[in-house]
Structure formats: structure tokens, C-alpha cells
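Input: a single structure, listed below in C-alpha cells.
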Amino acid sequence: MSHQIEYRSGSPHRGAQDDYSRYQPKLTGSPSASRSVIGFESATAFLNRGYATTPKSKFVSVPRSDIFLDVSKTFTGVLTKRNEKELLHGLNGRFTGFIEKVRHLEHQHELLEREIEEIKQKAQSPASLAQEHESELMDLRKLVHDITLQKCQIVIEHQNLEEDFLTLRDKYDQEARERSDAEIGILVLKKDANDAYLAKLQLDKKTQSLVDEIHFLKKTHEDEVLEMVAQIHEFRVTVEGHAFAKPDITAALRDIRAQLEGHAASDILEAEEGFRVQFTKLTKAAESNREALKATQQEIQENRRRFQGKNIELDCGKGTREALEKQLHELEERHYSEMINYQVGCGLFCTLENELTNAKLDMSGYLREYQDLLNVKMALDVEILSYSPICPPSLTPTSPCPTSTASPLSTPCLPWPGREDPHAGLSPSTSL
Numbered sequence: 013m014s015h016q017i018e019y020r021s022g023s024p025h026r027g028a029q030d031d032y033s034r035y036q037p038k039l040t041g042s043p044s045a046s047r048s049v050i051g052f053e054s055a056t057a058f059l060n061r062g063y064a065t066t067p068k069s070k071f072v073s074v075p076r077s078d079i080f081l082d083v084s085k086t087f088t089g090v091l092t093k094r095n096e097k098e099l100l101h102g103l104n105g106r107f108t109g110f111i112e113k114v115r116h117l118e119h120q121h122e123l124l125e126r127e128i129e130e131i132k133q134k135a136q137s138p139a140s141l142a143q144e145h146e147s148e149l150m151d152l153r154k155l156v157h158d159i160t161l162q163k164c165q166i167v168i169e170h171q172n173l174e175e176d177f178l179t180l181r182d183k184y185d186q187e188a189r190e191r192s193d194a195e196i197g198i199l200v201l202k203k204d205a206n207d208a209y210l211a212k213l214q215l216d217k218k219t220q221s222l223v224d225e226i227h228f229l230k231k232t233h234e235d236e237v238l239e240m241v242a243q244i245h246e247f248r249v250t251v252e253g254h255a256f257a258k259p260d261i262t263a264a265l266r267d268i269r270a271q272l273e274g275h276a277a278s279d280i281l282e283a284e285e286g287f288r289v290q291f292t293k294l295t296k297a298a299e300s301n302r303e304a305l306k307a308t309q310q311e312i313q314e315n316r317r318r319f320q321g322k323n324i325e326l327d328c329g330k331g332t333r334e335a336l337e338k339q340l341h342e343l344e345e346r347h348y349s350e351m352i353n354y355q356v357g358c359g360l361f362c363t364l365e366n367e368l369t370n371a372k373l374d375m376s377g378y379l380r381e382y383q384d385l386l387n388v389k390m391a392l393d394v395e396i397l398s399y400s401p402i403c404p405p406s407l408t409p410t411s412p413c414p415t416s417t418a419s420p421l422s423t424p425c426l427p428w429p430g431r432e433d434p435h436a437g438l439s440p441s442t443s444l
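This is the structure:
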């Protein structure tokens with residue numbers, strides 16, 4: 013009993029605030045809860061200042077119930093009139109604080125609903141995000157498909173170019189082998205031509221030596237013939253001088269001379285015939301060598317023309333190879349640039365997917381916040397409904413406060429400070 017009296021004998025405002033702090037829902041993390049407590053404290057102070065000047069005739073009577081009578085019987089003889097007034101003041105302050113809190117919470121509820129609407133307008137659902145980025149995703153998919161087709165086409169072209177390159181390389185190797193064979197043949201022909209030229213020089217030397225020998229033999233034969241003719245003339249003169257003495261010697265000399273002339277003529281004819289035959293042979297050999305040399309020269313010229321043609325074909329093959337290598341290099345550069353563009357498109361696609369994932373995460377966060385706000389709203393609605401049986405119709409902001417039969421305990425209601433309502437008040441004779 014004593015500590016109850018000491019508790020009630022304290023400040024009614026502090027007791028009401030302590031009771032209110034006990035009945036407060038635990039919303040430590042919500043900024044609206046702190047604002048509600050601050051609004052409640054300011055409203056309580058304001059109402060207490062108003063109730064200090066309010067006359068006693070403005071208190072309304074409160075209907076009694078069985079529980080209220082039990083409570084009043086329990087506190088009969090303990091509380092005095094002063095404590096009753098302080099208790100009524102405290103209850104009125106608490107109720108006023110609850111009303112202010114309800115209004116403040118409704119205002120916060122409207123603000124939260126407005127924020128939720130704004131968030132709904134700003135934050136789109138994953139389906140709407142997917143619909144919004146569907147065109148970009150389709151473009152990116154189409155770009156990836158086109159790049160894939162171009163890549164396949166480039167691979168096919170690269171394979172064709174490799175096949176052409178291998179074919180040209182085989183042709184080049186074959187032409188190189190033919191060229192080496194032609195060079196070897198040219199070297200052999202050059203060697204044969206040199207051998208034929210050397211043989212011709214030797215034959216020319218032999219021919220010249222034979223001609224010189226023929227001229228020498230002719231000159232020697234002529235000298236011998238002249239010498240023999242001179243001897244014959246001398247012998248004839250001698251014979252003529254001695255003819256009268258030796259007639260038979262002259263006839264013998266004539267016979268000898270005729271025989272010598274016959275032998276000399278036959279020797280000359282034989283030598284001329286031999287030299288003529290040998291000269292004919294040498295001439296024929298020279299002609300055959302000349303024809304062989306001419307054929308060799310023609311073959312050399314033909315091989316030279318073929319060699320020049322092969323060089324031209326080789327130059328054309330080199331030009332074609334360089335052009336194909338240049339085209340292959342350009343295709344590789346284009347393929348590399350297209351691969352870079354494809355990687356950039358994939359990076360953009362991944363960025364869009366990451367943004368979509370972040371948007372989904374933000375939406376899930378917004379949904380969780382919205383669910384938390386709905387939970388807070390439901391808690392506030394439950395609290396408002398718990399206080400709705402004790403609210404008068406004039407103080408209920410949204411709906412009239414019906415008389416509840418579930419809770420027989422009724423709380424005295426106080427008017428707003430400064431509001432002149434002759435019917436709103438509590439009789440000072442009301443006892444607990």
C-alpha cells in the first residue's frame with residue numbers, strides 16, 4: 013500500500029509517461045517511433061498546460077462497469093481526492109498522447125503510402141524491367157547471332173584460303189622443282205656446248221694444221237719438182253753435149269724422166285686425193301658440229317624462253333601469294349576487330365544483366381521494406397484498434413469509436429484544450 017501511495021503521489025505526467033513507455037511498441041529501428049514519442053511528449057506537455065486551466069465542470073461522466081468498480085473498491089481508502097484528480101489528469105494526458113500519436117501515425121502512414129507509391133513508380137518490377145530491356149536484349153541476341161554467322165563464314169573463308177594457299181604452295185614447289193631441273197638441264201647444255209665449242213676449236217686447229225701441212229707439202233713438192241726439172245734440164249744439156257757420143261743414155265734419161273714425171277704426177281694425185289678426202293671428212297665433221305652447235309644454241313634459247321616464262325609464272329605466283337596473304341591478314345584483322353566488338357557486346361550484355369540483377373535485388377529490398385512498412389502499419393492498426401474502444405467519436409480521425417462490450421473498462425476522456433464544449437467534461441464528483 014505504501015509504495016503504491018508513493019507511486020501515485022509523484023508527478024502525474026511522469027507516471028503517465030512511464031505507463032505510456034511501458035505500453036509503447038518496440039520500434040527502436042523506426043524513425044517514426046522516435047518521432048511519435050517526441051510528439052506524444054510535446055502533446056502531453058501541451059495538454060497538461062491546457063488542463064491546468066480547464067474548469068472542473070468540463071469533465072464528462074464515465075460509465076461504470078464491474079471491473080472499474082472492483083478497481084475503485086481496491087483503491088478505496090488509499091487514494092485521496094487529490095490522487096484521484098492527479099490520476100484523472102494523468103489518464104487524460106495519456107489518452108491525449110494516444111490521440112496525438114494516432115494522428116501522427118496516420119500522418120506517417122500517409123507519408124509512407126506516398127513514399128511507397130513513389131517507390132512503386134520509380135522501381136519497376138522484374139517483368140517490367142525485362143519488358144523494358146527486351147528490345148535491347150533482342151538486339152544483342154541478334155548481334156551475337158550475326159557475329160556467330162560472320163565468324164562461321166570467316167572460318168569457312170579462312171579454310172578455303174588455307175586450301176588455296178596449300179594448292180598454290182604445291183604449285184610453287186612443283187614450279188621450283190621444274191625450275192631446278194631446267195637449271196640443271198641448262199647447266200648440262202652449257203657444258204655440252206662448251207665441250208662442242210672446244211671440240212670445234214680442236215677440229216679447227218686440226219683443219220688449220222692439215223691445211224698448213226698441205227700447203228707445206230705442195231710447196232715442198234713444187235720445190236722438188238723444180239729441183240728435179242732443173243736437174244733434168246742440166247742433165248739434158250749435158251746429154252745434148254755428149255749425145256753424139258752416147259745416144260742410148262738420152263733415151264734412158266727420157267724413160268727415167270717419163271717414169272719420174274709419172275710417179276710425181278701419181279704421187280701428187282694421190283696426195284691431193286687423200287687431202288681432199290680428209291678435207292671432206294673434216295668439212296663434214298665441222299658441218300655436223302656446226303649443226304649440233306646450232307641445235308644446242310636453239311635448245312638453249314628455248315630453255316631460256318621457258319626459264320623466262322617460269323620466272324614470270326613464279327612472279328605471278330608470288331604476287332598471288334602476297335595478295336592472298338594480305339587478304340588473309342585483312343580477314344584476321346577484321347575477325348579480331350569483330351571479336352573485340354563481340355566481347356564489347358558481351359560485356360554490355362553482362363552489364364545489362366548485372367543491372368537487371370541489381371534492379372531485382374533493389375526491388376527485393378524495396379519489397380522487404382514495403383513488407384516491413386506493412387507490418388508496422390498492421391501493428392499500428394492493431395494498436396489503433398486496441399485503443400479504438402476508448403476513443404470518443406469526436407476524436408477518432410478515420411472512423412467513429414464504437415462502444416466495445418469486450419472490454420468493460422472505460423477510461424475518462426478529456427476535451428481538447430481551448431475547445432468549448434459544455435457537454436464534454438468529467439464530473440468532479442466521479443469516484444473510483
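Here this note's numbering is used: position 389 in the sequence shown is 401, and no number is missing along the way.
From the three backbone atoms N, C-alpha and C, an ideal C-beta is built for every residue, glycine too.
Review point. If you check the beta carbons only, do glutamate 148 and leucine 364 fall under 8 Å apart?
Key: The count along the sequence shown starts at 1 and reaches residue 148 at position 136. The count along the sequence shown starts at 1 and reaches residue 364 at position 352. Yes; because the gap between Cβ atoms is below 8 Å, this pair is in contact.
Point to revise | Local Cβ density within 10 Å of glutamine 309, reported as buried at 16 or more and exposed below that | key: Walking along the sequence shown from the start, residue 309 turns up at place 297. Looking at its Cβ environment, which holds fewer than 16 other Cβ atoms inside 10 Å, glutamine 309 is exposed.
Exercise for review: Would you decide whether threonine 108 is buried or exposed? Buried here means 16 or more other CB atoms lie within 10 Å of its CB.
Suggested key: Working through the sequence shown from its first residue, we reach residue 108 at position 96. Threonine 108 comes out buried.
Point to revise | Simplified DSSP state of histidine 233, which is helix, strand or coil | key: As a working note, residue 233 is residue 221 in the sequence shown. Three-state DSSP puts histidine 233 in a helix.
Check your understanding: Which residues in the same chain have their Cβ closer than 6 Å to the Cβ of glutamine 220, if we skip the five residues on either side of it in sequence?
Key -> Residue 220 sits at position 208 when you count from the first residue of the sequence shown. The answer is none, since no qualifying residue turns up.
Check your understanding: With 16 as the cutoff for other CB atoms within 10 Å, does valine 356 come out buried or exposed?
Key -> Taking the sequence shown and counting its residues from 1, one reaches residue 356 at position 344. Valine 356 comes out exposed.
Exercise for review: Just tell me which of Tyr348, Glu311, Tyr399, Leu336 has its CA closest to the CA of valine 200.
Suggested key: For the purposes of this step, residue 200 is identified with residue 188 of the sequence shown, where counting begins at 1. When only C-alpha atoms are compared, the closest one is Glu311.
Check your understanding: Would the region 202 to 210 and the region 293 to 308 be scored as touching if the rule is three or more Cβ pairs under 8 Å?
Key -> yes
Check your understanding: What is the DSSP secondary structure of histidine 101, counted as helix, strand or coil?
Key -> Here the question's residue 101 lines up with position 89 in the sequence shown. Helix, per DSSP.
Point to revise | Cβ-Cβ separation, alanine 194 to phenylalanine 319 (assumed contact under 8 Å), whole Å | key: For this step, residue 319 is matched to residue 307 along the sequence shown. For this step, residue 194 is matched to residue 182 along the sequence shown. With a Cβ gap of about 6 Å, phenylalanine 319 and alanine 194 count as contacting.
Check your understanding: Under a three-way DSSP split, which group does histidine 275 fall into?
Key -> Locating residue 275 in the sequence shown gives position 263, counting from the first residue. The answer is helix: DSSP assigns histidine 275 an H, G or I state.
Practice item. On a CA-only basis, which of Arg153, Asp158, Asn315 is nearest isoleucine 198? Give me that one, please. Key: Residue mapping note: residue 198 aligns to position 186 of the sequence shown, counting from 1. The shortest C-alpha separation from isoleucine 198 is found at Asn315.
Exercise for review: Using beta-carbon positions only, say whether leucine 397 and leucine 117 come within less than 8 Å of one another.
Suggested key: If you number the sequence shown from 1, residue 397 lands on position 385. If you number the sequence shown from 1, residue 117 lands on position 105. Taking 8 Å as the Cβ cut-off, leucine 397 and leucine 117 do not qualify as a contacting pair.
Check your understanding: In whole angstroms, what is the alpha-carbon distance linking alanine 242 and leucine 222?
Key -> The count along the sequence shown starts at 1 and reaches residue 242 at position 230. The count along the sequence shown starts at 1 and reaches residue 222 at position 210. Their backbone Cα atoms lie some 29 Å apart in a straight line.
Check your understanding: Do tyrosine 399 and valine 114 have their CB atoms nearer than 8 Å?
Key -> Position 387 of the sequence shown, counted from the start, is the residue given in the question as residue 399. Position 102 of the sequence shown, counted from the start, is the residue given in the question as residue 114. Contact flag set, yes.
Practice item. Count the other C-beta atoms from every protein chain shown that fall within 10 angstroms of the C-beta of arginine 106, then say buried if there are 16 or more, exposed otherwise. Key: The count along the sequence shown starts at 1 and reaches residue 106 at position 94. By the 10 Å Cβ count, arginine 106 comes out buried.
Review point. Taking Cβ to Cβ, would you say isoleucine 166 is nearer than 8 Å to histidine 341?
Key: On the sequence shown, position 154 is the one that residue 166 refers to. On the sequence shown, position 329 is the one that residue 341 refers to. No, these two residues do not count as a Cβ contact at 8 Å.
Practice item. Compare the beta carbon distance of glutamate 187 and glutamate 325 with 8 Å and say whether it is the shorter of the two. Key: Residue 187 sits at position 175 when you count from the first residue of the sequence shown. Residue 325 sits at position 313 when you count from the first residue of the sequence shown. Result yes, Cβ atoms of glutamate 187 and glutamate 325 sit closer than 8 Å.
Review point. For cysteine 358, which of Thr160, Glu174, Asp235 has the nearest alpha-carbon?
Key: Here residue 358 corresponds to residue number 346 of the sequence shown, with the count starting at 1. Closest option to cysteine 358, Cα to Cα, is Thr160.
Check your understanding: Can you give the beta carbon distance from leucine 336 to phenylalanine 177, rounded, assuming they're within the 8 Å contact cut?
Key -> Here residue 336 is taken as the residue at index 324 of the sequence shown, counted from 1. Here residue 177 is taken as the residue at index 165 of the sequence shown, counted from 1. The Cβ separation is near 6 Å, so the contact holds.
Practice item. Could you name the residues of the same chain whose beta carbon sits closer than 8 Å to that of lysine 389, not counting the 5 residues immediately before and after it, in chain order? Key: As a working mapping, residue 389 is identified with position 377 in the sequence shown. Cβ neighbours of lysine 389 beyond the five flanking positions: His121, Leu124.
Practice item. Output the distance between the C-alpha atoms of valine 224 and lysine 218, rounded to the nearest integer angstrom. Key: On the sequence shown, position 212 is the one that residue 224 refers to. On the sequence shown, position 206 is the one that residue 218 refers to. Sequence check: residue 224 is aspartate here, not valine. Distance between the alpha carbons of aspartate 224 and lysine 218: 10 Å.
Practice item. Report the three-state DSSP secondary structure of leucine 368 (helix, strand or coil). Key: Indexing the sequence shown from 1 puts residue 368 at position 356. Here leucine 368 sits in helix by DSSP.
Exercise for review: Starting from the Cα of alanine 283, find the closest Cα among His227, Lys132, Asn366, Gln162 and give me that residue.
Suggested key: As a first step, residue 283 must be located in the sequence shown, where it is residue number 271. If we check each option's Cα against that of alanine 283, His227 comes out closest.
Check your understanding: Taking the alpha-carbon positions, what's the aspartate 327 to tyrosine 184 distance?
Key -> Mapped onto the sequence shown, residue 327 falls at position 315. Mapped onto the sequence shown, residue 184 falls at position 172. Each residue's alpha carbon lies about 10 Å from the other.
Check your understanding: Going along the chain, which residues of its own chain have a beta-carbon closer than 7 Å to the beta-carbon of isoleucine 280, five neighbours each way excluded?
Key -> The sequence position of residue 280 within the sequence shown is 268, counting from 1. These residues qualify, in order along the chain: His233.
Check your understanding: Going by Cα to Cα distance, which pick from Glu112, Ile131, Asn104, Glu303 is closest to glycine 377?
Key -> Taking the sequence shown and counting its residues from 1, one reaches residue 377 at position 365. Here the closest residue by C-alpha is Ile131.
Check your understanding: Given leucine 170, which residues of its chain have a CB within under 7 Å of its CB, disregarding the five upstream and five downstream residues?
Key -> If you number the sequence shown from 1, residue 170 lands on position 158. In the sequence as displayed, the identity of residue 170 is histidine instead of leucine. Excluding positions up to five away in sequence, the list reads Leu343.
Point to revise | Length of the line joining the Cα atoms of tyrosine 354 and isoleucine 168 | key: Within the sequence shown, the letter at position 342 stands for residue 354. Within the sequence shown, the letter at position 156 stands for residue 168. Going by the C-alpha atoms only, they are around 19 Å apart.
Review point. Hey, alanine 297 and leucine 215 are a contact pair by Cβ (cut 8 Å); roughly how many whole angstroms apart?
Key: Against the sequence shown, residue 297 aligns to sequence position 285. Against the sequence shown, residue 215 aligns to sequence position 203. Rounded, the Cβ-Cβ distance is 6 Å, consistent with contact.
Review point. Does the Cβ of glycine 331 have 16 or more other Cβ atoms within 10 Å, making it buried, or fewer, making it exposed?
Key: The count along the sequence shown starts at 1 and reaches residue 331 at position 319. Result: exposed.
Check your understanding: For leucine 152, which residues of its own chain have a beta-carbon under 8 Å away from its beta-carbon, when the five flanking residues on both sides are left out?
Key -> For the purposes of this step, residue 152 is identified with residue 140 of the sequence shown, where counting begins at 1. Excluding residues within five positions, the ones whose Cβ falls inside 8 Å are Gly357, Leu360, Phe361, Leu364.
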